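Protein chains: 6
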Amino acid sequence: MRILVVNPNSTASMTDKIAAAARDVAASGTTIMAATVHESPASIESRTDECRALSSLLDTVVAHAKTGIDATVVACFDDPGISALRELTSGPVIGICEAACQAASLLSARYSVITTVPRAVHVIGENLLNYGLDRKCQSIRSAHIPVLALETAHADASERIRAEMHLAIKHDNAEAIVLGCAGMANLARTLSEEFEIPVIDGVSVAVKQAEALIACGLTTSKRGAFSPLNERQSECALA
Amino acid sequence: MRILVVNPNSTASMTDKIAAAARDVAASGTTIMAATVHESPASIESRTDECRALSSLLDTVVAHAKTGIDATVVACFDDPGISALRELTSGPVIGICEAACQAASLLSARYSVITTVPRAVHVIGENLLNYGLDRKCQSIRSAHIPVLALETAHADASERIRAEMHLAIKHDNAEAIVLGCAGMANLARTLSEEFEIPVIDGVSVAVKQAEALIACGLTTSKRGAFSPLNERQSECALA
Amino acid sequence: MRILVVNPNSTASMTDKIAAAARDVAASGTTIMAATVHESPASIESRTDECRALSSLLDTVVAHAKTGIDATVVACFDDPGISALRELTSGPVIGICEAACQAASLLSARYSVITTVPRAVHVIGENLLNYGLDRKCQSIRSAHIPVLALETAHADASERIRAEMHLAIKHDNAEAIVLGCAGMANLARTLSEEFEIPVIDGVSVAVKQAEALIACGLTTSKRGAFSPLNERQSECALA
Amino acid sequence: MRILVVNPNSTASMTDKIAAAARDVAASGTTIMAATVHESPASIESRTDECRALSSLLDTVVAHAKTGIDATVVACFDDPGISALRELTSGPVIGICEAACQAASLLSARYSVITTVPRAVHVIGENLLNYGLDRKCQSIRSAHIPVLALETAHADASERIRAEMHLAIKHDNAEAIVLGCAGMANLARTLSEEFEIPVIDGVSVAVKQAEALIACGLTTSKRGAFSPLNERQSECALA
Amino acid sequence: MRILVVNPNSTASMTDKIAAAARDVAASGTTIMAATVHESPASIESRTDECRALSSLLDTVVAHAKTGIDATVVACFDDPGISALRELTSGPVIGICEAACQAASLLSARYSVITTVPRAVHVIGENLLNYGLDRKCQSIRSAHIPVLALETAHADASERIRAEMHLAIKHDNAEAIVLGCAGMANLARTLSEEFEIPVIDGVSVAVKQAEALIACGLTTSKRGAFSPLNERQSECALA
Amino acid sequence: MRILVVNPNSTASMTDKIAAAARDVAASGTTIMAATVHESPASIESRTDECRALSSLLDTVVAHAKTGIDATVVACFDDPGISALRELTSGPVIGICEAACQAASLLSARYSVITTVPRAVHVIGENLLNYGLDRKCQSIRSAHIPVLALETAHADASERIRAEMHLAIKHDNAEAIVLGCAGMANLARTLSEEFEIPVIDGVSVAVKQAEALIACGLTTSKRGAFSPLNERQSECALA
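Line order of the protein sequences matches chains A, B, C, D, E and F. Take 1 as the starting number for the first sequence in this note's numbering and just add one per residue. Take 240 as the starting number for the second sequence in this note's numbering and just add one per residue. Take 479 as the starting number for the third sequence in this note's numbering and just add one per residue. Take 718 as the starting number for the fourth sequence in this note's numbering and just add one per residue. Take 957 as the starting number for the fifth sequence in this note's numbering and just add one per residue. Take 1196 as the starting number for the sixth sequence in this note's numbering and just add one per residue.
Now the structure itself:
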């Protein structure tokens, strides 16, 4: 089984971290193919960044799809391009926000998301509303850290995440924490042990969810919203 | 990894079918332990059946838990006892309704559930509302078949399921179908090929979801709603 | 008119208190029949407790129903077994949570529930969501008291309830308070006078609501969700 | 106990019918005081009618309140003036729409409202959304009859109501019916027997609900939304 | 183009302020006709005030409509009588609450409303729920000022509004402020400059929204909820 | 006042039609600047199309913004890029879907959207949910026409729109119709006269809404979700 894990931004160190998290949990028969979207912003921290990344993200995934992939994991917590990729590829397409929040719903009655920049709070809130996963999510908190600060293992960054976790537990009664950025993938186990509650990294959960769907013979419905594009659209999509 | 798949009713042939579906998708390192709840109704087709099954369901799972299990899958589409089992055991507890509808949300923009008896429509509706998974679920349709008719491979039963699938696709624009009874576990692949859309069996999806969470080192939060019971409650729970 | 008021736990002193609250408001022509569920936990403080109580609760009500009852009030704020009892009996079945919160909706624009253990907050929240009564409910607060502490008239217990009422009024702008445990039935009038706002005990309100429905010739619909069980199920239900 | 049942329109024959329905269910110790709002439209069939009725409705109730009343039932299914009357009087104020739909929620999993004119469908829909009672209400159907046609016992009127009831049961899976006009109060028992499901008249249910609240010592909260008006407002209110 | 801006209360100085705000933004071809509802409370600060104002409000608008108006703006933040006026007149009818909160939705991801008396919080909340505009509205805050204090340019009044704005920005993360009273119309520009965020006055926005709809040839639908009243109703309405 | 009306696709004839609709309603002091996004698909009929259009859409608007514009209207019913453009520019940014559905909410109690391809139904549904405008929208219907068929004035295209309008009015009780594609801008007035209900074109409504906000001195909040991008992001955004 070949799962493409795509980092929609152009920061290769983040791709490495994501790939490590993916490989750490992948089954023995699974090949993790990690891709960076080179023609993209260094990080996705705004709606503008997302718009700048999308077309290249599609190109990157379509190029890999030609070599044969069974599923795609989009490793950015804004879940960019998910619906388009469901139109363009045949395997399951999983965003790490939806996968992580689904897992949190299975493991707790109330959870909180800790993300990076304040601006992301709004994007995540819209996604959860759309997924129907807003009901058990008690709060979406920004740790006020730039995404790339996570790449330099800045001590202050993880302190700020810890501080928001304390607030989420104390004030929002969070029973589990979802890490709201792919760049936090390496922190989940440590924080989980330290706080003694589930701390969920979307990358690992999404990879396993992809394996799960493929093992069950399930893939994106090609009837309706994600049906194949007609000729004009295909040309456009593959151009 | 040991996953307990428990059939909350007392019909052993259904347990066999469920176990087969579970083993069909389980990873090589996973041991599926299948259990029937002997002191239980022959099928769960009403709220009364559910109440009659619950205490024995807890006993059955607690007894297995003492022998060491990593996760529990409750193989009844009403998701009975899920929250209590999260209080009583340490591993993840997955209901097949929530697991299946989460998968459907990843694979389609709109899906329908086809269940057995009309009475179940209301139970499933309440569950989906509580899970927040009601938004993408276009309809919950009863095929008007008793649960145990699925055990005799009654030809008419599968015809009625097909008929409701046609209506769900035509009238409700369903892009995927969730089979709303553990007793339908063996039908998913055939119907999926026939209708050329994802047809989702909750048992297989829940087993893989359990494997996924364990692989990621995640288990039920023991802070808050599912925290360990105090002494009086534990005594009661284990009595 | 004969109304069964059933205490789903096995603590007889709580049944006495509930019966007193019921008789205090019952009309002159109403006979209150109070029942304890002997094969049940001493209190319902968790999902596990609820599962342990349900089958015996059904037996207790079905046994009384054979002697002729016009309605059933389930005197536990989790509203356990309500739907099953609607399947099994012909008279109205009223849970004290739904009855109390309906009353609060008629008397205030915003109200809060004060319950016993923290774990109950989640159960009540699910019920209110399902009833549609979550909109006017500003908060569900735990007073952090074990249910049985209410039986010993522990001074600290009522102080904690008062403290949460002050917080609900000050921070949540609650205009009325619903007491979230049958064991608080004797506190409503005192607290109402002290705080000068409506303080609602579900037992008394549910008894009167039952009288109201019977006086109007209304009883549970036997079409659809609560229709009579078929033969196999009836046997099971009455066994 | 004295309960004022006020008919917000000026049609005395409707007041008589409402009073009869109220007295039919009232307890022996209850005095039903029926009032017609003389300076009002002959029926409330539009938002304009409601605006025309409101000030006189307030005057009528305030005048009766001076003679001593324990509760007020507003006998029009649009529930006009409920909130203002809660500001102006001290006893509970019950609208027949909210009371009837609360009762339907206790007796069925899904119900439908059958009302008179098409325009009322929208008004009732807004009320149910605000009450949180929209979830279990499957449909609000207009029987396309003018309110006053109910006063002449027009055979066609009750036929149209029957026709909509059949549609609600068949197409909307209604398990109970709420009669969406005070002028239908006399039809509930006959239709209930004929259709063998609960058919709910709001007038009788609201009168019993008022009795219930008073018996429990409960009345409108005077903290917050319905607190007493200040001097300027009181003058205005009572002018 | 002639737009009627009607002040539903009887305080002429407030009408003058509203008219000034309207004329300040009106297009050169627009004539603003400002009307006071003389038979009305001095301010609308309660549900009772609203009931007292409604019939005269309808008379005032109907009288002006006979002289020819293209649209009506109701300049009270409770949006009183909007639906009735849509039945009675042919041009668009705009309430300042709905218009202001629609504008806030276009300009920010989260906004707060600052209103006068605490009682109004509940009325506005109901309106926003009904409009569907509750999702982006983070909070509705009362500045605890009587409406008429705004007429005397009481320094303390604007200080209290400022104080609530600070809280809304700090605690509720409001990105824009909606002024929740027509009497605040003159404060919007000053506060907007001072706080450097959009501060929205509903009167000006509603006037421009009315101009916009008329320029597009759009007016109230006369099919369904706001269709013309039949004879009996028209007589009543115009009496 | 200079308003940029941007057509996110590369079909110049559609830009001409949109510009004509905009100029038809613009005030005398307004200059409509119409722009085509040349590096974009010929039409936006899928999520993939949207992803392909976004970055060039941003470039086009940013380039025009440098020449001075007061507001931006995005003339595609999927409202692509709205949030990013709010980050990048200082004037109001209006999407035609949100503007049209806000107008429909002011003019009717229930409305329907008629769009082009079936796939768009899902995109529009997500947008309305996010805007909170889903409550009054009774249905979103696809006329099963490719977007570009509207450019050739294909007779069949307008017949299919008419057919869906008839269904929306008859089956969904729609009181107003929103045209769900910028390419239908020229049809609104004709269809409105023919069907005698409001038929709303988003382009004209959005242009007037932009004029309205500017006249009131209102623009996008620069605090929070749409605050200016930091250096790295700005470089990226403007590159």
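All residues carry an ideal CB built from backbone N, CA and C; glycine is no exception. Keep in mind that this is a model prediction, so the values were computed, not measured.
Using 9 Å as the limit for Cβ to Cβ distance, is Thr115 of chain A near chain F?
no
Taking the C-alpha atoms as reference points, what is the distance between Ile1000 of chain E and Arg638 of chain C?
Taking the straight line from one Cα to the other gives about 40 Å.
Would you report the Cα separation of Glu1388 of chain F and Glu815 of chain D, rounded to the nearest angstrom?
40 Å
Flag Ser279 of chain B as yes if its beta-carbon sits less than 9 Å from any beta-carbon of chain A, otherwise no.
no
Can you tell me the Cα-Cα spacing of Leu1290 of chain F and Val1373 of chain F, whole angstroms?
For the record, residue 1290 of chain F in the displayed sequence is Gly; it is not Leu. Taking the straight line joining both Cα atoms gives about 14 Å.
Counted within 10 angstroms of its Cβ, other Cβ atoms place Asn1425 of chain F as buried (16 or more) or exposed
Classification for Asn1425 of chain F: exposed.
Would you mind giving the Cβ-Cβ distance between Pro1154 of chain E and Ser1251 of chain F, rounded to the nearest angstrom? I have them listed as a contact below 8 Å.
That pair is no contact at about 29 Å.
Closest residue to Ser322 of chain B among C:Arg501, C:Glu528, C:Pro486 and C:Val595 (Cα-Cα distance)
Among C:Arg501, C:Glu528, C:Pro486 and C:Val595, the Cα nearest to that of Ser322 of chain B is on C:Glu528.
Between Ala738 of chain D and Ser921 of chain D, which are expected to be in contact by the criterion C-beta below 8 Å, what is the C-beta distance as a whole number of angstroms?
5 Å
What residues of chain A sit near Val313 of chain B, judged by a beta carbon separation below 9 Å?
The premise fails here: Val313 of chain B is roughly 12 Å from chain A at the closest Cβ pair, so nothing lies under 9 Å.
Identify the residues that DSSP records as bridge partners of Val1049 of chain E: which are they?
E:Thr1028
Restricting to runs no shorter than 3 residues, where is the beta strand (DSSP E) found entirely within the region 658-714 of chain C?
677-679
Start and end residues, beta strand (DSSP E) containing Val723 of chain D:
Segment Arg719 to Asn724, the beta strand (DSSP E) holding Val723 of chain D.
Using only the alpha-carbon positions, how far apart do Met882 of chain D and Ile592 of chain C sit?
41 Å
Evaluate Lys887 of chain D with the Cβ neighbour count: other Cβ atoms within 10 Å of its Cβ, from every protein chain shown; 16 or more gives buried, anything less gives exposed.
exposed
With a threshold of 9 Å between beta-carbons, can Leu293 of chain B be considered close to chain C, or not?
Yes, its Cβ sits closer than 9 Å to a Cβ of chain C.
For the region 1297-1362 of chain F, which segments carrying the alpha helix (DSSP H) assignment without a break, of at least 4 residues, lie completely within its bounds, in sequence order?
1313-1326
Name, please, each residue of chain E whose Cβ falls closer than 7 Å to the Cβ of His839 of chain D.
Think of a sphere of 7 Å around the beta carbon of His839 of chain D: the chain E residues whose beta carbon falls inside it are Ala1181, in chain order.
Any residues in the region 558-583 of chain C with a beta carbon nearer than 7 Å to a beta carbon of chain B? Which ones, in chain order?
Gly559, Ser561, Ala562, Glu565 and Leu566
Check whether the Cβ of Ser1002 of chain E lies closer than 9 Å to any Cβ atom in chain D.
yes
Given that Leu1185 of chain E touches chain H, what residues does it touch there, using C-beta distances under 7 Å?
In the structure shown, chain H cannot be found, because the protein chains are A, B, C, D, E and F.
So that I know if they touch, is there some Cβ in chain B lying closer than 9 Å to that of Gly217 of chain A?
Chain B contact via Cβ: present.
So for Thr747 of chain D, helix, strand or coil by DSSP?
DSSP places Thr747 of chain D in coil when its eight states are reduced to three.
Buried versus exposed call for His839 of chain D [16 or more other C-beta atoms within 10 Å across all chains shown]:
buried
Rounded separation between Asp172 of chain A and Gln341 of chain B - CA only
25 Å
How many angstroms separate the CA atom of Thr80 of chain A from the CA atom of Pro8 of chain A?
Strictly speaking, residue 80 of chain A in this sequence is Pro, with Thr absent from that position. Distance between the alpha carbons of Pro80 of chain A and Pro8 of chain A is about 8 Å.
Ile1198 of chain F classed as buried or exposed, judged by whether at least 16 other C-beta atoms fall within 10 angstroms
When all chains shown are included, Ile1198 of chain F counts as buried.
Per DSSP, Thr1231 of chain F forms a beta bridge with which residues?
F:Asn1202
Chain E within 9 Å of Val1218 of chain F, Cβ atoms only:
Val is not the amino acid found at residue 1218 of chain F; the sequence shown has Arg there. Judged by the 9 Å Cβ criterion, Arg1218 of chain F is not in contact with chain E.
Determine, for Leu896 of chain D, whether the minimum Cβ-Cβ distance to residues of chain E falls below 9 Å.
no
Across the region 918-937 of chain D and the region 686-695 of chain C, are there enough close Cβ pairs to call them in contact, namely three or more that are closer than 8 Å?
These segments touch.
On the three-state DSSP scale, how would you describe Ala1371 of chain F?
strand
For a test of the three-state rule: what should DSSP assign to Glu523 of chain C, helix, strand or coil?
Under the three-state reduction of DSSP output, Glu523 of chain C falls in the coil class, being neither helix nor strand.
Partners in chain A for Ser431 of chain B, counting only beta-carbon separations shorter than 9 Å
Gly217 and Leu218
Distance CB(Thr311 of chain B)-CB(Pro331 of chain B) smaller than 9 Å
yes
I'd like to know whether the C-beta of Ser220 of chain B is nearer than 9 Å to at least one C-beta of chain A.
Limits of chain B in this structure are 240 at one end and 478 at the other, which puts residue 220 of chain B out of reach.
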